[in-house]
Each structure stands twice: as structure tokens, then as C-alpha cells.
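Residue numbers (our numbering): 132 to 462.
Idealized CB from N, CA, C, for every residue including glycine.
For reference, the structure discussed in these notes is given below.
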């Protein structure tokens, strides 16, 4: 190979790479030019509440309409996996609770996606508070009394399903408290309400936002909170006992709703979506609604969200290992 040939090849290689990348850069700079699909891996009426509230601001900021597409199934895993397989062009994004993103992969032997490598984090939208509630005729009135009761009597508590963060927290508490409270999984919060009111089972693990009206109507009572983050603890009634007051080593699973895309989503697109979402989160209407619902409408950087995902996944893996939960139960 002569000198001239080597020089030409040296110049052509970077040029070829640049030419190949040019369409991606151009697409990112002009983004968006068509509607954006927001995939929700649950049925309507759950985590989609705030996406509906945010869409008007998003559409105005992005200049294109957003379309919600529901892909429920397998505790959120079907829709979550779907987004991990689409082209990273910003026209299909994921709107989901933390469960299928970080808890499901920790509780199964295999998942078709990796919680860190398969997605591009965009932002957290809301963070909630998880509580333990009981039927009105349940004798204990706080967490200490509940664990004492469970050591002497048979007891069961309900969660929204096998493999959920509430299931993980339930097993973690059993391990730390030395109790054997039975797990009664339901298919979501809806069926849990009549069962709780009837005392079958008498204890339930839920979010504060869905239980506070039940408590206000004197159809149930609070025993305590699982949430350990100070940023959400202020939303709870004063004097409510925390699990960490009774079990100091307990660390709750996160309860957030976040937005992400497939891996390798271009930075320009990520930041465009991030800015549009955060502008919506910061509107007075969203802030007022989140206060009424007793959740925190947050919004953060993609880097902060990425750190949270990694930390939450590692916590879930550790909790599964420590509590000796058999892998694959979420299948």
C-alpha cells in the first residue's frame, strides 16, 4: 500500500462515519416531525393519570401531538419490553411505574430487557408514598402492635400482585421482624379495597394517594408508612409510625413514575423531551393536583434518573437475595 493510498483511506474512514451519522444528527435536530407514541404498560386508569394531564403542555412544547398506547400484561413487562426494542428515534417512549423497570428484573431469573442497558432515562415524573393500612376492626393500631400481633397470631396482608415492589417490601419486613405474615396477591389496587374493608385480609400495602380517602371515610385506618425518603414523608399525617421506627434496617423500594426511551436515544432528543416534560410538571395545575393527591411531582435530569434506576435495581436485587425470594415468581 503506497503512501497516497494510506492517506486517502485515513481521510475517507472518518468521512464515511460522519456521513453515516449525519442523518441521525439531522433527525435529532429537527425532532419531532410526527406524533409521539407514549407507551403505558398498564391498563387505563392507573399510572396514566398524569400523562393525560401533561400532554397539553408537551404537545405545545414539542409542536406535535402525543398519543397514548396501552400495552398491558405480565405486570407491565410486555409494554416495557416493547419500548426496549423500538428504534431510538424518540417517536416511541415509555411511561411507567418503577415496578417493571427495576423490580421485575430483580425478581425473575430472566427478563427480555436489562433495567440499565436497555433504556435511556429521560425524567422521573412523580414520587409517591407507600403505606400500610388495616380494616377498622383489626386490633393493632400501629406497626409495632401489628408485628407483635403477627408473632402470636396468623395474619395475612395484601399487595397489588406477585413480583411488585409492595411484595418485595412485605417479604423484607417479614425477614427483619421475624414474622411469617402471609402474602395475598391481588390484580391491582381495585380488588383490594372491598377485601380490606371486609377484613379479608385485614392488612394491605398500598400508596397513600389511593388510601387516604378510604381512611377519611373511616372505612380503614393507617398503621404506618414504608416510605423512607424525607422528600415524601412530609405528605403524611403527623405522628404516623414509619417501618424504620420499628425495623431500623428496613429500606423501602422506590415508588415513582418515570419516562424513558430505548437505549441509545440521541442526547438532543432526550433533552427536548426532558424540557417538555419538566415544563408540564412545573405548571400550577400539576403542582396543585399532586399536592391534592399527596405525591411529589418532581422532574429531574436524565443523569439523576439513571442513578436512581441503578440504585433501585441494586436495592431490589439485594432485597430478593436477603429475603430468599425464589426467582421466577413474577413469570
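Which residues DSSP lists as bridging residue i, in chain order
{"i": "residue 226", "result": "390"}
{"i": "residue 261", "result": "338"}
{"i": "residue 250", "result": "393"}
{"i": "residue 197", "result": "167"}
{"i": "residue 313", "result": "287"}
{"i": "residue 373", "result": "356"}
{"i": "residue 468", "result": "This structure cannot speak to residue 468, because the chain is shown only from 132 to 462."}
{"i": "residue 255", "result": "389"}
Rounded distance between the beta-carbons of residue j and residue i, thought under 8 Å
{"i": "residue 230", "j": "residue 266", "result": "No, residue 230 and residue 266 are not in contact; Cβ-Cβ is about 25 Å, not under 8 Å."}
{"i": "residue 353", "j": "residue 260", "result": "Their Cβ separation, rounded to whole angstroms, is 11 Å, which puts residue 353 and residue 260 out of contact at 8 Å."}
{"i": "residue 417", "j": "residue 184", "result": "6 Å"}
{"i": "residue 204", "j": "residue 163", "result": "Contact doesn't hold; Cβ gap of about 28 Å is too wide."}
{"i": "residue 389", "j": "residue 247", "result": "13 Å between Cβ atoms; not a contact."}
{"i": "residue 275", "j": "residue 377", "result": "5 Å"}
{"i": "residue 447", "j": "residue 262", "result": "No, residue 447 and residue 262 are not in contact; Cβ-Cβ is about 20 Å, not under 8 Å."}
{"i": "residue 372", "j": "residue 273", "result": "5 Å"}
{"i": "residue 278", "j": "residue 326", "result": "Contact flag wrong, Cβ pair sits at about 21 Å."}
{"i": "residue 351", "j": "residue 288", "result": "At roughly 13 Å, the Cβ-Cβ gap does not stay under 8 Å, so residue 351 and residue 288 are not in contact."}
{"i": "residue 340", "j": "residue 317", "result": "About 17 Å; that fails the 8 Å criterion."}
Assigned exposure category for residue i - 16 Cβ within 10 Å defines buried
{"i": "residue 151", "result": "Any reading at residue 151 must be qualified, since the residue scores a pLDDT of 48, below 50, and its modelled position is unreliable; the value itself is stated next. Residue 151 should be labelled exposed."}
{"i": "residue 200", "result": "exposed"}
{"i": "residue 444", "result": "buried"}
{"i": "residue 338", "result": "buried"}
{"i": "residue 252", "result": "buried"}
{"i": "residue 343", "result": "buried"}
{"i": "residue 431", "result": "buried"}
{"i": "residue 295", "result": "buried"}
{"i": "residue 385", "result": "buried"}
{"i": "residue 405", "result": "buried"}
{"i": "residue 282", "result": "exposed"}
{"i": "residue 237", "result": "buried"}
{"i": "residue 161", "result": "exposed"}
{"i": "residue 198", "result": "exposed"}
{"i": "residue 370", "result": "exposed"}
{"i": "residue 258", "result": "buried"}
{"i": "residue 348", "result": "exposed"}
{"i": "residue 452", "result": "exposed"}
Task: Inter-stretch contact (C-beta, 8 Å, three-pair minimum) for the stretch 315–334 and the stretch 231–246 - done: no
Task: Segment contact flag, the stretch 352–368 with the stretch 418–429, C-beta cutoff 8 Å, min 3 pairs - done: yes
- [ ] Output the residue ranges of the beta strand (DSSP E) runs that lie fully inside the stretch 268–293 and measure 3 residues or longer, sorted by chain position.
- [x] 287–290
- [ ] Report yes or no: do the stretch 380–391 and the stretch 299–317 share at least 3 C-beta pairs separated by less than 8 Å?
- [x] Yes: the two stretches touch, three or more of their Cβ pairs being nearer than 8 Å.
TODO: Evaluate contact between the stretch 308–317 and the stretch 395–407, counting only Cβ atoms and requiring at least three cross-stretch pairs below 8 Å.
DONE: no
- [ ] Kindly confirm or deny that the stretch 219–234 and the stretch 171–184 touch, where touching means at least three C-beta pairs closer than 8 Å.
- [x] The stretch 219–234 vs the stretch 171–184: in contact.
TODO: Assess, as a yes-or-no matter, whether the stretch 213–220 is touched by the stretch 180–190 under the definition of 3 or more beta carbon pairs within less than 8 Å.
DONE: Put simply, the stretch 180–190 does not touch the stretch 213–220. Fewer than three CB pairs are less than 8 Å apart.
TODO: Flag this pair as touching only if the stretch 403–418 and the stretch 185–194 have three or more C-beta atom pairs under 8 Å; answer yes or no.
DONE: yes
Open item on the list: In chain order, what are the residue ranges of uninterrupted alpha helix (DSSP H) at least 4 long that sit wholly in the stretch 323–368?
Closed with: 323–329, 339–347 and 361–364
TODO: Report the residue ranges of all alpha helix (DSSP H) runs contained in full by the stretch 393–438; include only those spanning at least 4 residues, in chain order.
DONE: 398–412 and 415–424
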